Amino acid sequence: APVGEDDEDSTLGEFIEDEKTVLPSQVAALKLLQDQLKDILAELSPREQKILRMRFGLDNGVTHTLEEVGKEFGVTRERIRQIEAKALEKIRKHRFLPKLRGY
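To convert, note that position 7 of the sequence shown is 969 in my numbering; the numbers rise steadily by one, no gaps.
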């Protein structure tokens, strides 16, 4: 439906922001976040990296339970929880962490 009193062809839809559109600034910010997260994860052991990737779905968006990750590594879910907690503590103390707080 036309909007306004004059004869312009503007419609209401042209004035409503499309929330699905990703702005270039959002793409750039996401790329920066991914790069910084990759740098932080690189300082963890390969085992810690894989556990966090599986638990939080960092590779494919699919999260896994402690039980599932434990089966992958052949250890108990409690052991996975311990390794995950240790890895997360390393991340909390990481020098790059203040840079991530803006995201």
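Beta carbons are placed, not taken as given, at the ideal position from N, Cα and C, and that holds for glycine.
Owing to the predicted nature of the structure, the values given are computational and were not obtained by experimental measurement.
In chain order, what residues of the same chain lie with their CB nearer than 7 angstroms to the CB of residue i, ignoring the 5 residues before and after it?
i, result
"F1018", "T1025"
"L994", "none"
How many whole angstroms separate the CB atoms of residue i and residue j, which I take to be in contact at a CB cut-off of 8 angstroms?
i, j, result
"A1047", "L1006", "Incorrect: roughly 13 angstroms between the Cβ atoms, too far for contact."
"L1014", "L1020", "7 angstroms"
For residue i, which option in the options has the closest C-alpha, if you only look at C-alpha atoms?
i, options, result
"E1030", "N1022, G1023, R1039", "R1039"
"H1056", "I1002, I978, I1042", "I1002"
Could you spell out the range, first to last residue, of the alpha helix (DSSP H) harbouring residue i?
i, result
"S1007", "Per DSSP, S1007 belongs to no alpha helix (DSSP H) and is neither H nor E."
"R1054", "1039-1054"
Quick one: residues in its chain with C-beta nearer than 8 angstroms to the C-beta of residue i, no 5 flanking neighbours on either side, listed in chain order?
i, result
"K1052", "E1005, L1006, E1010"
"A990", "none"
"I1045", "R1009, E1010, I1013"
For residue i, which residues of its own chain have a beta-carbon under 6 angstroms away from its beta-carbon, when the five flanking residues on both sides are left out?
i, result
"G1032", "T1038, R1039, I1042"
**Asked** Which ranges would you report for the alpha helix (DSSP H) in the stretch 1014-1041 if only whole runs of at least 4 residues count?
**Response** Within the stretch 1014-1041, the complete alpha helix (DSSP H) runs of at least 4 residues fall at 1028-1035.
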